[in-house]
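Student: Residues in the sequence shown are numbered from 4 upward in steps of one, following the working numbering.
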Amino acid sequence: MEKARPLWDNPLQFVFACISYAVGLGNVWRFPYLCQMYGGGSFLVPYLIMLIVEGMPLLYLELAVGQRMRQGSIGAWRTISPYLSGVGVASVVVSFFLSMYYNVINAWGFWYLFHSFQDPLPWSVCPLNGNRTGYDEECEAASSTQYFWYRKTLNISPSIQENGVVQWEPALCLILAWLLVYLCILRGTESTGKMEQLANPKAWINAATQIFFSLGLGFGSLIAFASYNEPSNNCQKHAIIVSLINSSTSIFASIVTFSIYGFKATFNYETCLNKVILLLTNSFDLEDGFVTASNLEQVKGYLASAYPSKYSEVFLQMKNCSLESELSTAVQGTGLAFIVYSEAIKNMEVSQLWSVLYFFMLLMLGMGSMLGNTAAILTPLTDSKVISSRLPKEAISGLLCLVSCAIGMVFTMESGNYWFDIFNDYAATLSLLLIVLVETLAVCYLYGLRRFESDLKAMTGRTLNWYWKIMWAGVSPLLIISLFVFYLSDYILSEALQYQAWDASQGQLVTKNYPPHALAVIGLLVASSIMCIPLVALGMFIMRRLRRADTASVA
Numbered sequence: 004m005e006k007a008r009p010l011w012d013n014p015l016q017f018v019f020a021c022i023s024y025a026v027g028l029g030n031v032w033r034f035p036y037l038c039q040m041y042g043g044g045s046f047l048v049p050y051l052i053m054l055i056v057e058g059m060p061l062l063y064l065e066l067a068v069g070q071r072m073r074q075g076s077i078g079a080w081r082t083i084s085p086y087l088s089g090v091g092v093a094s095v096v097v098s099f100f101l102s103m104y105y106n107v108i109n110a111w112g113f114w115y116l117f118h119s120f121q122d123p124l125p126w127s128v129c130p131l132n133g134n135r136t137g138y139d140e141e142c143e144a145a146s147s148t149q150y151f152w153y154r155k156t157l158n159i160s161p162s163i164q165e166n167g168v169v170q171w172e173p174a175l176c177l178i179l180a181w182l183l184v185y186l187c188i189l190r191g192t193e194s195t196g197k198m199e200q201l202a203n204p205k206a207w208i209n210a211a212t213q214i215f216f217s218l219g220l221g222f223g224s225l226i227a228f229a230s231y232n233e234p235s236n237n238c239q240k241h242a243i244i245v246s247l248i249n250s251s252t253s254i255f256a257s258i259v260t261f262s263i264y265g266f267k268a269t270f271n272y273e274t275c276l277n278k279v280i281l282l283l284t285n286s287f288d289l290e291d292g293f294v295t296a297s298n299l300e301q302v303k304g305y306l307a308s309a310y311p312s313k314y315s316e317v318f319l320q321m322k323n324c325s326l327e328s329e330l331s332t333a334v335q336g337t338g339l340a341f342i343v344y345s346e347a348i349k350n351m352e353v354s355q356l357w358s359v360l361y362f363f364m365l366l367m368l369g370m371g372s373m374l375g376n377t378a379a380i381l382t383p384l385t386d387s388k389v390i391s392s393r394l395p396k397e398a399i400s401g402l403l404c405l406v407s408c409a410i411g412m413v414f415t416m417e418s419g420n421y422w423f424d425i426f427n428d429y430a431a432t433l434s435l436l437l438i439v440l441v442e443t444l445a446v447c448y449l450y451g452l453r454r455f456e457s458d459l460k461a462m463t464g465r466t467l468n469w470y471w472k473i474m475w476a477g478v479s480p481l482l483i484i485s486l487f488v489f490y491l492s493d494y495i496l497s498e499a500l501q502y503q504a505w506d507a508s509q510g511q512l513v514t515k516n517y518p519p520h521a522l523a524v525i526g527l528l529v530a531s532s533i534m535c536i537p538l539v540a541l542g543m544f545i546m547r548r549l550r551r552a553d554t555a556s557v558a
């Protein structure tokens, strides 16, 4: 007798699981960056439009497919058509890539959380140099927060070609992160301003991709979650709720981030001015208080005319202080999460408390997304009778975590951050666009939109609104195709050949070209998931032809 499929205890539990999966680190570290890059508040215009025409319709589609087919991504698309099994396989491959590197962020979160109990915070001051005659030169050239991130946390190599060795402390944190994921999995479903920027096509494309990836479309996680729903569950309402909460969280996070940006910029600007004032005072034997922030430019002009030779020497040591430059510096990803926020926290009262709260919050966001990613892999595996008949779910989950953790050790090497960036940039973007495009076209034109509409009405008792049908049948596929073409023509051709490497001598990032073996990995990451769709379909076609030939020969 076939074992009954487990169910969520109630619809609210399902909604919270979807929210925990959708609301992740991208809400904290990418959305604010996009707002800053594309006009601030004006970025909300393309963002909200993309939410309406892309985010909610595609989220509803995946939830409805999972709830109707009551299987993971592979089984759900195989039910629609055996030739579509590769869509589910591609989703699993992408989710596996994501899980391998995403949990490294949680490992870094543990690392910072453990160090948050120190007084003072270890990233708040520069260490002494080897001779103990002053501060470390690399740290002074950068900043204490950058030094702690690049040197103490990553111990980063000067280029991707110098792999170095595994850093044992981040490696232990990675093991801890995977152990926590495994323990959660065992509990199953019970646990878990510039308006001209509107004419910039990149503002629209980034708004669309932010919606796309923030909601987690195409990974198979949403299909997996929805497969544990009662067939009568109102997934339309839940799609709207999850979409709105996810976007609201992004907007709220950007408000907090911009306040931190402003605090950081002002603090750095004032620190820079104080250094310049101290340099001028000491170099020209001026009285304390003679040079102030208000008269700095006038004093510099006077000294340059009165002592031109000496001023030229001092000028070479003088930093250019600019509040506008500080405010215009856009940071995303790990730079925002582990450098910018850390720099703000170190200057707060009771900084240890705020540090613990912040990195604990970061861990909760990361773990919620990780559980969704692993569900996208485990659900198809446990649904497979071939696998589940040989191994219990606990063993399958353990093997997945063990293999992912072992491969993830690559990201704890000295060059690990460079490989992390490659996976983060190229493991999913192009693949997910193609996956969701095929999903949408399959439901509307292969399975049939009318048939799918009838299924939804039979499940929920509600007639499908015209809005959803227009989005699924026309607007969303055309938009995805546009994103696909833009990504190919712009991102891959113009940006794939370079990366940011840490230069210890300058204490800053420098641009370098990717070596051939890194480009080969990028190509493999993109192709390995995308090619699942046509290769599985081709394999299914050949198998069917062979079966027909065997049947004909027997007859």
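Even glycine gets a Cβ: it sits at the ideal position worked out from N, Cα and C.
Do glycine 112 and serine 372 count as a contact pair if the criterion is CB distance below 7 Å?
Tutor: Cβ distance not < 7 Å, so serine 372 and glycine 112 don't count as in contact.
Student: Cα-Cα, which of Arg154, Ser127 and Gly167 is closest to methionine 412?
Tutor: Gly167
Student: To which residues of the same chain is leucine 276 closer than 7 Å at the C-beta, ignoring the five residues directly before and after it?
Tutor: Ala296, Leu299 and Cys324
Student: For the stretch 116-125 against the stretch 359-375, do three or more pairs of beta-carbon atoms, one drawn from each stretch, fall closer than 8 Å, so that the two count as touching?
Tutor: yes
Student: Got a sec? Which residues, its chain only, sit under 7 Å from serine 418 by beta carbon, not counting five neighbours each side?
Tutor: Only Ser160, Ile163, Glu165, Asn166 and Gly167 meet the Cβ criterion.
Student: Taking its Cβ as the centre, do 16 or more other Cβ atoms sit within 10 Å of glycine 196, making it buried, or is it exposed?
Tutor: Annotation note: pLDDT 46 at glycine 196 (below 50); position unreliable, no value reported.
Student: One question on the structure: do isoleucine 22 and valine 184 come within less than 7 Å of each other, judged by their Cβ atoms?
Tutor: no
Student: Would you mind reading off the limits of the alpha helix (DSSP H) that contains leucine 440?
Tutor: 432-444
Student: Sort Met416, Val48, Gln170 and Trp11 by Cα distance to tryptophan 207 and report the nearest one.
Tutor: Closest by C-alpha distance to tryptophan 207, out of Met416, Val48, Gln170 and Trp11, is Val48.
Student: For glutamate 233, which residues of its own chain have a beta-carbon under 7 Å away from its beta-carbon, when the five flanking residues on both sides are left out?
Tutor: Leu10
Student: From the DSSP output, read off the bridge partner residues of tryptophan 3.
Tutor: Past the edges of the chain, shown from 4 to 558, lies residue 3, and the structure says nothing about it.
Student: Quick one: grab the DSSP three-state call for methionine 367.
Tutor: helix
Student: Name the DSSP bridge partner or partners of methionine 416?
Tutor: Val169
Student: Helix, strand or coil for tyrosine 115 per DSSP?
Tutor: helix
Student: Looking at glycine 510 and alanine 268, is the spacing between their C-beta atoms short of 7 Å?
Tutor: no
Student: DSSP three-state call for leucine 177: helix, strand or coil?
Tutor: helix
Student: Could you check whether glycine 89 and cysteine 404 sit closer than 7 Å to each other, using their CB atoms as the reference points?
Tutor: In this structure, cysteine 404 keeps its C-beta atom at 7 Å or more from the C-beta atom of glycine 89.
Student: In three-state DSSP terms, what is tyrosine 36?
Tutor: helix
Student: Would you kindly work out how many angstroms separate the C-alpha atoms of methionine 474 and glutamate 57, rounded to a whole number?
Tutor: 8 Å
Student: Of the choices Ile178, Ala379 and Ser45, whose alpha-carbon is the least far from that of tyrosine 24?
Tutor: Ala379
Student: Just the Cα atoms here: how many angstroms apart are proline 123 and glycine 137?
Tutor: 18 Å
Student: If we ignore side chains and look at the alpha-carbon of each, how far apart do valine 279 and lysine 322 end up?
Tutor: 7 Å
Student: Kindly indicate which residue of Thr212, Leu435, Val441 and Gly43 has the alpha-carbon position closest to the one of isoleucine 254.
Tutor: Gly43
Student: Which same chain residues end up closer than 6 Å to serine 230 when comparing Cβ atoms and leaving out the 5 residues on each side of it in sequence?
Tutor: Gly69, Arg73 and Gln74
Student: Looking only at DSSP bridge pairs, what is leucine 131 linked to?
Tutor: For leucine 131, which the question treats as bridged, DSSP gives the partners Tyr138.
Student: For a test of the three-state rule: what should DSSP assign to isoleucine 163, helix, strand or coil?
Tutor: coil
Student: I'd like to check one pair, tyrosine 272 with leucine 326: are the Cβ atoms closer than 7 Å?
Tutor: yes
Student: Leaving aside the five residues before and after cysteine 238 along the sequence, list all residues of the same chain whose C-beta is less than 8 Å from its C-beta, in chain order.
Tutor: A distance below 8 Å between beta-carbons, with the five flanking residues on each side excluded, links cysteine 238 to the following residues of its chain, in chain order: Tyr63, Leu66, Ala67, Gln70, Ala229, Asn232 and Thr463.
Student: If we count the other Cβ atoms within 10 Å of its Cβ and call it buried at 16 or more, is histidine 520 buried or exposed?
Tutor: exposed
Student: Going by DSSP, what residue range makes up the alpha helix (DSSP H) through glutamine 16?
Tutor: In the DSSP assignment, glutamine 16 falls within the alpha helix (DSSP H) that extends over 14-25.
Student: Specify, as a first and last residue, the run of the alpha helix (DSSP H) that serine 76 falls within.
Tutor: Where serine 76 is concerned, the enclosing alpha helix (DSSP H) starts and stops at 76-83.
Student: With DSSP as the reference, label leucine 491 as helix, strand or coil.
Tutor: helix
Student: For valine 539, collect the residues of the same chain with a Cβ closer than 7 Å to its Cβ; drop the 5 residues on either side in sequence, then sort them by chain order.
Tutor: Ser88, Gly89 and Val92
Student: Based on Cα-Cα distance, which residue from Leu289, Ala555, Pro125 and Glu442 lies nearest to serine 559?
Tutor: Absent from the model: residue 559. The displayed extent of the chain is 4 to 558, so no value can be given.
Student: Count the other C-beta atoms from every protein chain shown that fall within 10 angstroms of the C-beta of arginine 33, then say buried if there are 16 or more, exposed otherwise.
Tutor: buried
Student: Check for me: the alpha helix (DSSP H) holding glycine 292 runs from which residue to which?
Tutor: No alpha helix (DSSP H) contains glycine 292, which DSSP labels as neither H nor E.
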